[in-house]
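Asks:
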Amino acid sequence: MARRVNPPAPAVPTTVLDAVLRDLADLPERMQHSATALAARALAESIDVGPETYRFQSALVGQLMSCMSELREMAPPKAEGDSVDDLNARRAARRRAASTG
Numbered sequence: 633m634a635r636r637v638n639p640p641a642p643a644v645p646t647t648v649l650d651a652v653l654r655d656l657a658d659l660p661e662r663m664q665h666s667a668t669a670l671a672a673r674a675l676a677e678s679i680d681v682g683p684e685t686y687r688f689q690s691a692l693v694g695q696l697m698s699c700m701s702e703l704r705e706m707a708p709p710k711a712e713g714d715s716v717d718d719l720n721a722r723r724a725a726r727r728r729a730a731s732t733g
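Here's what the structure looks like:
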């Protein structure tokens, strides 16, 4: 079976699929091609086609939100520096500068 490649999503999403593709791009590549990610894409495409009934559309949106939540929970946390990390880095730089002297 051929592996589908996600096309790049526009900077400002104009469809549900665009928004899903943008969110999937933030995940590790192996997760972008998981069964849950493919289900999210299919659900987004169905939502963009339009409602057969509003109750049906609501169910699709709920399932899509479930898929995206599951993917976010499985994703590794992003490493972000904080003020303590910044202070430690500056202190280490001052010590290196003082030792080379």
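The sequence shown lines up with residues 633 to 733 when you count with the numbering used here.
Note that the Cβ used here is the ideal one computed from N, Cα and C, for glycine as well.
1. Taking only three categories from DSSP, how would you classify residue 653?
2. Output the boundary residues of the alpha helix (DSSP H) element that contains residue 707.
3. Among 652, 680 and 708, which residue has its Cα nearest to the Cα of residue 669?
4. Shortest alpha-carbon distance to residue 658 belongs to which of 727, 720, 700 and 686?
5. Looking only at C-alpha atoms, which of 705, 728 and 679 sits nearest to residue 694?
Replies: Taking the definition as stated:
1. Residue 653: helix per DSSP, three-state reduction.
2. Membership of residue 707 in any alpha helix (DSSP H) is not indicated, and neither H nor E is assigned to it by DSSP.
3. The shortest CA-to-CA distance from residue 669 to any of 652, 680 and 708 is the one to 652.
4. It is 700 whose Cα lies nearest to the Cα of residue 658.
5. Among 705, 728 and 679, the Cα nearest to that of residue 694 is on 679.
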